[in-house]
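To start, the structure under review is shown below, and the notes come after it.
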Amino acid sequence: MTTISATTVPTNAECRSILADGRVLTITASRRPRANRADVKCSVAGALSIAERMQEVVRLARHTEVRLDSRDQVVLSMDATPGAADRDWELAAVLADRMVRGLFQPAQPGRQFAQGWSDAWHLGRVEGAASAAAPLDHPQVGAGDSIIAGGVAYDGPARTLHITHLGALSGHADPSAGVSTVRAWFPLHSGGVNDSLAWVEVSVFAIESGAKAEGASASATHHPAATEEDSIAAPGLDLSAQLDVRQTLAAARHFDGKGLGRWRSVVRFSQPRFQGGSYQLALVMADRLARGREFLPRGRIIATGCSSAWHAGRVDTVEGREPKLELILMQAAAGDRVLLPKAWQDELPAGFAAELRQRGASLACIDRIGMI
171 MTTISATTVP
181 TNAECRSILA
191 DGRVLTITAS
201 RRPRANRADV
211 KCSVAGALSI
221 AERMQEVVRL
231 ARHTEVRLDS
241 RDQVVLSMDA
251 TPGAADRDWE
261 LAAVLADRMV
271 RGLFQPAQPG
281 RQFAQGWSDA
291 WHLGRVEGAA
301 SAAAPLDHPQ
311 VGAGDSIIAG
321 GVAYDGPART
331 LHITHLGALS
341 GHADPSAGVS
351 TVRAWFPLHS
361 GGVNDSLAWV
371 EVSVFAIESG
381 AKAEGASASA
391 THHPAATEED
401 SIAAPGLDLS
411 AQLDVRQTLA
421 AARHFDGKGL
431 GRWRSVVRFS
441 QPRFQGGSYQ
451 LALVMADRLA
461 RGREFLPRGR
471 IIATGCSSAW
481 HAGRVDTVEG
491 REPKLELILM
501 QAAAGDRVLL
511 PKAWQDELPA
521 GFAAELRQRG
531 ASLACIDRIG
541 MI
């Protein structure tokens, strides 16, 4: 594998984008030793939501990189504020982040322009619209500048590189082909009309994590390597829920013995606002299925359970047994595999297991993962 020497990795990088109103937006990325700070920091004057979106975009796009190295902090800022609905700057943020870490270099010695967005950055997908042709003909785009646009080619400037996935930046295949995504379901009970089987989805991408990652600066070798929790993103959740998700997966992977330091992961929920930890067993099972640690059922995995010792593989009980069992029984279908805490086994309603079998679903009450 070709590596980039430390001397070629810049300390600062810029990427520009044309906003919907015709303004030129410059995204500046700066790199510095992390020193226990956040891996990515973003700043947009008077627009906290856009700064948060930029941080989320950059972190998710990093999940398709083949190596994990978060020993440096990247700080990104905008010199203008996009409109709330304007998203074509997202690709520029991703490129600025990669440029400052030495993972991408513009094709021309001039400035880099980018237009593109995505609802699936964690899969490396890049989208765009035909209406982006006009902004790329902007008078501020010079003859020596590079232009990269998301989506299929249209009749724009001849020098525009059109990409539908981030792998195209380096001549590689679509990175989504290397992403394994699995969903598991859990009963979401609040005592109202919105009670349902919610899903949790885990997407994993295999990574290399060496002592010296490709494109890392010379000074980076003196900083500690990233933790397992650095490799797990959970967009849409509040900070406490994100921490719970990361700690749960890191501990459950510790139980694997060889599960740590091998994956970048993105966790998504159908309902991102909930309380309690009864989703944890479903999360752990989705992760194990995505990483090939369990056999896939014919239907869905439906699970509820938590643990104070996932590192030991233990499954503990959760509250709300009766309404959750009722919800599971009502929505289970042929091929589904239902996993419940072992502590519930003697408390199951009469005929519960038989009715599940009649529906074509199967049941297991467990006190350990890896024994299902």
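In this note's numbering, the protein residues as written are 171 to 542. A virtual CB, placed ideally from N, CA and C, is assigned to each residue, including glycine.
Using beta-carbon positions only, say whether residue i and residue j come within less than 8 angstroms of one another.
| i | j | result |
| --- | --- | --- |
| G320 | L261 | yes |
| D249 | L293 | no |
| A415 | V437 | According to the sequence displayed, residue 415 carries Val and not Ala. Against a cut-off of 8 angstroms, the Cβ pair of V437 and V415 comes out as a contact. |
| R538 | V488 | no |
| L495 | A473 | no |
| L497 | D365 | yes |
| S316 | P276 | yes |
| A523 | L533 | yes |
| V352 | A208 | no |
| Q285 | I402 | no |
Between the C-alpha atoms of residue i and residue j, what's the straight-line distance to the nearest angstrom?
| i | j | result |
| --- | --- | --- |
| C476 | R529 | 26 angstroms |
| T334 | V214 | 27 angstroms |
| P394 | L218 | Low local confidence applies: a pLDDT of 40 at P394 is under 50, so the model's placement there is unreliable, with the coordinate-based value given in what follows. Whole-angstrom Cα-Cα distance: 30 angstroms. |
| D256 | A190 | 7 angstroms |
| G216 | G253 | 12 angstroms |
| T391 | V322 | In this prediction, T391 has a pLDDT of 37, which is less than 50 and means its spatial position is unreliable; nothing more can be read from the coordinates. |
| D289 | R295 | 8 angstroms |
| L499 | R507 | 12 angstroms |
| H233 | G312 | 33 angstroms |
| C535 | R468 | 19 angstroms |
| V210 | W514 | 43 angstroms |
| L459 | S346 | 17 angstroms |
| E378 | L238 | 6 angstroms |
| R271 | A404 | 23 angstroms |
| H342 | A376 | 15 angstroms |
| P431 | A354 | First, the amino acid is wrong: residue 431 is Gly here, not Pro. Answer to the nearest angstrom: the Cα atoms are 23 angstroms apart. |
| K512 | A503 | 22 angstroms |
| F283 | A422 | 42 angstroms |
| G429 | L419 | 10 angstroms |
| G521 | H332 | 59 angstroms |
| G427 | G298 | 42 angstroms |
| D258 | W287 | 5 angstroms |
Excluding the 5 residues flanking residue i on each side, which residues of the same chain have their C-beta closer than 6 angstroms to its C-beta?
| i | result |
| --- | --- |
| T198 | E184 and S247 |
| Q310 | V194 |
| D400 | S240 |
| K212 | The sequence given here places Cys at residue 212; Lys does not occur at that position. The answer, listed in chain order, is A221, M224, Q225 and L246. |
| V227 | E260, A263 and W291 |
| W433 | V374 |
| G540 | G483 |
| P493 | H359 |
Just tell me which of the options has its CA closest to the CA of residue i.
| i | options | result |
| --- | --- | --- |
| V244 | H233, M269 and I317 | M269 |
| S435 | S360, T397 and S448 | T397 |
| N206 | S448, S187 and D242 | D242 |
| T181 | I188, V236 and L273 | L273 |
| R201 | I188, R186 and A266 | A266 |
| Q445 | L407, I471 and A422 | L407 |
| S478 | R271, V236 and Q417 | Q417 |
| V372 | R186, I471 and L409 | I471 |
| Q501 | G521, A531, P511 and R281 | A531 |
| G505 | L466, G521 and L409 | L466 |
| P442 | L430, A420 and L409 | L409 |
| G192 | H308, G348, K428 and K512 | H308 |
| T330 | I318, Q282, G337 and L336 | I318 |
| R186 | A411, R423 and R281 | R281 |
| E235 | H332, G348, E297 and D258 | G348 |
| G447 | R423, G431, Q412 and G427 | Q412 |
Can you list, in chain order, the residues of its chain with a C-beta nearer than 7 angstroms to that of residue i? Leave out the 5 residues immediately preceding and following it.
| i | result |
| --- | --- |
| E517 | R491 |
| P279 | G314 |
| S440 | A368 and W369 |
| Y449 | F356 and V370 |
| S301 | Residue placement at S301 is poorly supported in this model, since its pLDDT is 47, which falls under 50; the coordinates are not used for a value here. |
| P519 | L495 |
| G337 | G294, A343, D344 and P345 |
| T178 | G272 |
Which same chain residues end up closer than 8 angstroms to residue i when comparing Cβ atoms and leaving out the 5 residues on each side of it in sequence?
| i | result |
| --- | --- |
| G462 | S350 |
| R204 | S240, R241, D242, Q243 and H393 |
| T251 | V214, A215, G216, A217 and I220 |
| F425 | W480, H481, A482, G483, I539 and G540 |
| L230 | W291, H292, A403, P405 and V436 |
Is there a Cβ of chain D sitting closer than 8 angstroms to that of residue i, yes or no?
| i | result |
| --- | --- |
| F522 | Absent from the structure: chain D. Only one protein chain is present. |
Note to self: Which complete alpha helix (DSSP H) runs does the segment 266 to 315 hold, if anything under 4 residues is left out?
What the structure shows: 303 to 306
Notebook entry, point to check: Hey, which unbroken runs of the beta strand (DSSP E) at 3 residues or more fall wholly within the segment 477 to 522?
Noted result: 507 to 511
Margin query: Restricting to runs no shorter than 3 residues, where is the beta strand (DSSP E) found entirely within the segment 218 to 270?
Written below: 242 to 248
Check: What residue ranges within the segment 427 to 486 form continuous beta strand (DSSP E) runs of no fewer than 3 residues, ordered along the chain?
Finding: 433 to 439 and 471 to 473
Next item on the list: Quick one: which unbroken beta strand (DSSP E) runs of 3-plus residues sit fully inside the segment 337 to 372? Chain order, please.
Entry: 349 to 358
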